[in-house]
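Just so we're aligned, residue 5 is where the sequence shown starts under my numbering, counting upward by one.
Yeah, the Cβ is synthetic: ideal placement off N, Cα and C, and Gly gets one too.
Here the structure is a predicted model, which is why all the values come from computation and not from measurement.
Read through the structure below, which is laid out as structure tokens, and then see the notes.
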Amino acid sequence: MTHSFVQKPHRTVLALSVPVLFSLIAEPLTGLIDTAFIARLGAVSLAALGVGTAALSSVFWIFNFLGVGTQTEVAQALGRQNQARAMRLTWLALALCLIFGVMLIVLGLPLAPAVAALLGADGVVQVDAVRYMQIRLFGAPAVLAMLTAFGALRGMQDMRTPLWIATAVNALNIALDWLLIFGVGAVPAMGVAGAAAASAIAQWVGALWAVTAVARRLGLAQKLQWREAGRLLQIGGDLFVRTGLLTLYLLFTTRVATQIGADSGAVHQAIRQVWTFTALGLDALAVTAQSLVGYFMGANDVAQARRVAAVTSGWSVVLGLLLTVAMFLGEDWVRGMLVPETAVALFNLPWLVAAAAQPINALAFITDGIHWGTGDYRYLRNGMLAATLVGVVGLWLVDANGERALLWVWGVTAVWISVRALFGVLRIWPGIGQSPMKI
């Protein structure tokens, strides 16, 4: 049976990407509502929520390799028409989720006070942050299982089931937030702890739904082959280094911007928030590229995989250009909404650089997805290492006392993105090194 991409490439890419985009948007929107609810309790509660979510988000991000690796392995297995392998690897990954999730509970419960203190919390803020983390940790196996099940479903190019699950989970989370944070009738008000309990309950519901959906599509594995776990753990090592380098660079930019001055720090945060939100659209195309490239690579059809790369890259650049235009047009609105009056004079030029870099950022994102689809994780790690070395050196050279220091921070960031994009593109066109996409 001919894949729909072969006949209708553009329609297929868009049909797969749109559900992914909405499922990705669901979580940050819920985070905003969580923040709004907790803000009604006061600054102490909001600070505790910030510490708890920052710590747990970083921890869960480390295990993102389970979703990325599962998506690629399932897509490639189905490209080979080997559903049995897709089933085995998915259930093996889900078993690893349970192991890692329990490990996080066992280690995280006693370490939570130290982590909160490390992030600057003390007094009542620390107490509330610790309670938040300890309660949410009981949802850790569910978070990892949902991440992995979504990867398996997207590897099957089923983008709608994760959308329905994500939407329902976040709607349930919001409803439980209202009930548990403020209390209703016989249900006592739990404050920050209620937000944690709401998230954990919703995540378990989502995990059970997602795992059930996988079982219906792939069936149940009768026996796990643990020797195959080495592939997923190797992926984890490469992605851990890559994610760590990316996080390091972003933290360094925030540090330098803050050192320049409070106003520069505020402007940097405003631009970064918008930048992070615009990345959701680029990420949706990258997820789609990963599944399609993985499928055709599994089928040993490198020509079609390269065609996927060309089509998705084209759409990604178009989206990047649209984001540039939107940022140019929305400059006054963002400045009025997110930038303090004392910092307005510093906003314009860094914002324009960030906007102009969006098409390049689009290439960095989409080529990441393409190389995830080929399983070229080590190359991605090495490309991120080169980009981060260039970026960190550039930031180190920024004169914090200079008149346009924040502009230089975003200029260096544009270079950092360009290096990532260059490495990504050259691996496909012409296909440097031992590129899996060489014909």
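| query | result |
| --- | --- |
| For Ile239, is the beta carbon positioned less than 7 Å from some heavy atom of the ligand FMN? | Looking for the ligand FMN in the displayed structure turns up nothing, as the structure carries no ligands at all. |
| Taking all protein chains shown into account, decide if Gly437 is buried (16 or more other Cβ within 10 angstroms of its Cβ) or exposed. | exposed |
| Rounded C-beta distance between Ala199 and Asp181? I'm assuming under 8 Å. | 6 Å |
| Which one of Val128, Leu249, Arg382 and Gly269 has the shortest CA to CA distance from Ala391? | Leu249 |
| So what's Gly312 in DSSP terms, helix, strand or just coil? | The displayed chain sequence assigns Val, not Gly, to residue 312. Of the three classes helix, strand and coil, the one that applies to Val312 here is helix, per DSSP. |
| Can you grab the Cα-Cα spacing for the pair Asp132 / Asn177, in whole Å? | 19 Å |
| Report the option in Gly143, Ala153 and Ile66 whose CA atom is closest to the CA atom of Leu98. | Ala153 |
| Note down, in chain order, each residue of its chain lying with its Cβ closer than 7 Å to the Cβ of Ala307, except the 5 sequence neighbours on either side. | Ile443 |
| Straight-line CA distance for Tyr381 to Phe67? | 15 Å |
| Is it buried or exposed, Ser61, if we count other Cβ atoms within 10 angstroms and call 16 or more buried? | exposed |
| May I ask which residues mark the beginning and end of the alpha helix (DSSP H) holding Asp126? | Here Asp126 belongs to no alpha helix (DSSP H), and DSSP marks it neither H nor E. |
| Measure the alpha-carbon distance for Gly189 versus Leu183 and round it to whole angstroms. | 9 Å |
| Would Thr74 and Thr94 be called neighbours here (beta carbons separated by less than 8 Å)? | yes |
| Take Leu100 as the anchor and find which of Trp230, Gly195 and Thr39 has the nearest alpha-carbon. | Trp230 |
| Which residue comes first and which comes last in the alpha helix (DSSP H) that contains Phe281? | Ala266 to Gly302 |
| How long is the line joining the alpha carbons of Ser439 and Arg140, rounded to whole angstroms? | 41 Å |
| Go to Leu426, then tell me how far its alpha helix (DSSP H) extends in each direction, as first and last residue. | Ala409 to Leu430 |
| What number of angstroms, rounded off, separates the C-alpha of Ala309 from the C-alpha of Phe281? | 28 Å |
| Checking contacts by CB at 8 Å: is Ala121 closer than that to chain D? | The structure shown contains no chain D; it is built from a single protein chain. |
| By Cβ distance below 7 Å, which residues in the same chain neighbour Val429 in space, the five residues on each side in sequence not counted? | Leu367 and Thr371 |
| Assuming contact is defined by CB atoms lying nearer than 8 Å, are Ile185 and Gly195 in contact in what I supplied? | yes |
| Which runs of the beta strand (DSSP E) fall wholly inside the stretch 42–127 and span at least 3 residues, in chain order? | none |
| Once the 5 residues before and after Ala202 are set aside, which same chain residues still bring their CB inside 7 Å of it? | Asn177, Leu180, Asp181 and Leu184 |
| Please name the residue in Ser268, Val72, Ala43 and Thr316 whose C-alpha comes closest to that of Ser21. | Thr316 |
| Are there 16 or more other CB atoms within 10 angstroms of the CB of Leu36, so buried, or fewer, so exposed? | exposed |
| Taking DSSP's pairing of strands, which residues face Val188 in a bridge? | Val191 |
| For Pro440, does the three-state DSSP call read helix, strand or coil? | coil |
| What distance in whole Å lies between the Cβ atoms of Leu410 and Leu350, which are believed to be in contact at a cut-off of 8 Å? | 6 Å |
| For Ala274, tell me which candidate among Val396, Met331 and Leu33 has the shortest Cα-Cα distance. | Met331 |
| Can you give, in chain order, each stretch of the alpha helix (DSSP H) that sits fully within the stretch 235–265 and has at least 4 residues? | none |
| Out of Met160, Ala146, Thr417 and Leu237, point me to the one whose CA is closest to Gly210's CA. | Ala146 |
| Would you call the CB atoms of Arg385 and Arg246 closer than 8 Å? | yes |
| Would DSSP call Leu401 helix, strand or coil? | coil |
| Can you say whether Asn405 is buried or exposed, counting buried as having 16 or more other CB atoms within 10 angstroms of its CB? | exposed |
| Inspect the CB distances between the stretch 158–170 and the stretch 291–308 and report whether three or more fall short of 8 Å. | yes |
| Using a threshold of 8 Å, state whether the C-beta atoms of Leu123 and Ala58 are closer than that. | yes |
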